[in-house]
Amino acid sequence: CVVTVPLSVLQRGEPEFRPPLPPPQAGAIRKLKMGSALKVIVRLRRRFWPADFYDAVCSDSFLPEVWLSPAAELMRPDAAPPYTIVGFVAGARAERVGRLPHADIARRMLAQLDGMFGSSDDPHPASSSCDGFLVKDWAAHPHVHGAYSHPTRGAHGARPALGEAAHGCIFLAGEACHAGVNPCIHGAMETGEQAVLVFPTAAVAEPAVSTAARCAVYVCAAPASRETKRWLA
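With positions in the sequence shown counted from 1, the corresponding number in the working numbering is that position plus 95.
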């Protein structure tokens, strides 16, 4: 089977493997670390940013990065409201931000946008045009418990070990298995593709799990993506 649940879920013992995963995979799960990330989406009734604005990195601000989404559509001159801007923060700072009330997080993001795009004639363009917000803290999600894995001291070689076949029939896939430390969806997809390519050729001399388990594909989906789409609609 191909198992694609996040690293942090595996570290919590979910799902349970019987028999347990072999030492290479079990050790990699213990050694690798996963960080936090938080996104804020604000919905706006009007434009107040330059026509060529897409993304801004603000390392000394409350949210270190903000961007239009979907940028390709919202950068068009004829794009109609509502408009949406996403704020992003990761790591230890995301954990601190996540402890704030969601309304306070949104208020601070709007104040940041006011400072970036405000003028003497229109000092609070974001705050005055916002009619909704959504905060998604991935560390608080019950089926994710984090965002991305990251380079970890003492974990050299753990990523490829995590992606090796366990018991000859279990393949772990996901961004934490990517040897190049590609901690985004691209890295996760590449490891999934690799697992699917290797899976048919894996020799299973002594099946360690049931036939049903060997034929299964475990996928950890992100309900927030559907939730966000419904909210934006």
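Ideal placement from N, C-alpha and C gives every residue a C-beta, glycine not left out.
task: On the DSSP bridge assignment, give the partners of Ile136 in chain order.
output: Val181, Leu229
- request: Would you tell me roughly how many angstroms separate the C-alpha atoms of Ile200 and Ala151, rounded to the nearest one?
  value: 18 Å
field: beta strand (DSSP E) segment containing Glu160, residue limits
entry: 160-163
- prompt: Alpha carbon to alpha carbon, how far is Leu105 from Ser164?
  reply: 32 Å
query: Of the choices Gly186, Pro145, Ala260, whose alpha-carbon is the least far from that of Val293?
result: Ala260
message: Assuming Asp150 is part of the alpha helix (DSSP H), what are its boundary residues?
response: No alpha helix (DSSP H) contains Asp150, which is instead part of the beta strand (DSSP E) from 150-152.
- prompt: Out of curiosity, what's the CA-to-CA distance linking Thr286 and Pro218?
  reply: 47 Å
- request: Can you grab the Cα-Cα spacing for the pair Ala274 / Gly182, in whole Å?
  value: 29 Å
message: For Leu195 and Ala146, what's the separation of their Cα atoms in angstroms?
response: 32 Å
- prompt: DSSP state of Phe294, grouped into three classes?
  reply: helix
query: Taking the alpha-carbon positions, what's the His220 to His236 distance?
result: His is not the amino acid found at residue 220; the sequence shown has Pro there. Going from the Cα of Pro220 to the Cα of His236 covers about 32 Å.
field: Proximity to Met204 [Cα-Cα], best of Asp173, Ala121, Glu168, Arg138
entry: Arg138
field: Beta-carbon proximity list for Ala189, same chain, < 6 Å, skipping 5 on both sides
entry: Ser131, Ala132, Leu133
message: Quick check: what's the CA-CA separation for Leu36 versus Ile136?
response: Lying outside 96 to 328, the shown extent of the chain, residue 36 is not represented and no answer is given.
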